[in-house]
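S.K.:
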Amino acid sequence: MIQAIFGLLGVLVGGAVTFGVEMTLQERRTKELTRQAARLVAFDLRVAGRIVRLAVEQDELWLDQDRPGVPSWGECRAVLAESLDGEGWQTVTTAVMLVSLAATDYERVSPLTERDRSSLGKAAKAADKGCARLDDLTGDKPVR
81 MIQAIFGLLG VLVGGAVTFG VEMTLQERRT KELTRQAARL VAFDLRVAGR IVRLAVEQDE
141 LWLDQDRPGV PSWGECRAVL AESLDGEGWQ TVTTAVMLVS LAATDYERVS PLTERDRSSL
201 GKAAKAADKG CARLDDLTGD KPVR
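Each residue of the sequence shown is one higher than the one before, starting from 81 at the first, in this note's numbering.
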């Protein structure tokens, strides 16, 4: 009878240890996926924000191949949706939306109107805010 009790305890302890190890590994995987997704989207937002700023500084929009965008968004948004709080999600999605709209709403026009400059300036600022939220998520220091 005592052997059976010790056998049962061994199974329970072994199961608990295995469960704990698996949960820890899953948490690490999730954190790493989150960090990777945040870094990819932040990089794309930084590049897009810079393209938008250059358009305003040079008073000329981008060539078709240089249109701002966030190509990593499609594959990374589900991970970020799970990892960001409500405010962070709103900040990042607004940034992606404004940068994407800037890429599609403007034809190559020179010189830019004040309204164009204002809209593009908002997209660039939104990209900065989105990057800041993603940097908070990864623990990375912002690149300037």
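Every residue gets a Cβ at the ideal spot worked out from N, C-alpha and C, and that includes glycine.
Treat the numbers as computed from the prediction; the structure is a model and nothing was measured.
Just reading off the alpha helix (DSSP H) that residue 210 is part of, what are its end residues?
M.R.: 194-218
S.K.: Using the Cα positions of residue 184 and residue 100, report the straight-line distance between them to the nearest angstrom.
M.R.: 49 angstroms
S.K.: Evaluate the contact criterion for the region 122-139 versus the region 157-164: three or more CB pairs, one atom per stretch, below 8 angstroms.
M.R.: no
S.K.: Which same chain residues, not among the five before or five after residue 151, have their C-beta less than 8 angstroms away from its C-beta?
M.R.: 124
S.K.: With burial defined as no fewer than 16 other Cβ atoms inside 10 Å of the residue's Cβ, what is the status of residue 114: buried or exposed?
M.R.: buried
S.K.: Tell me the residue span of the alpha helix (DSSP H) that contains residue 159.
M.R.: Its alpha helix (DSSP H) spans residues 153-163.
S.K.: I need the straight-line Cα distance from residue 89 to residue 103, nearest angstrom please.
M.R.: 21 angstroms
S.K.: Could you check how far apart the C-beta atoms of residue 172 and residue 117 are, in whole angstroms? I think they sit under 8 angstroms.
M.R.: Their Cβ separation, rounded to whole angstroms, is 11 angstroms, which puts residue 172 and residue 117 out of contact at 8 angstroms.
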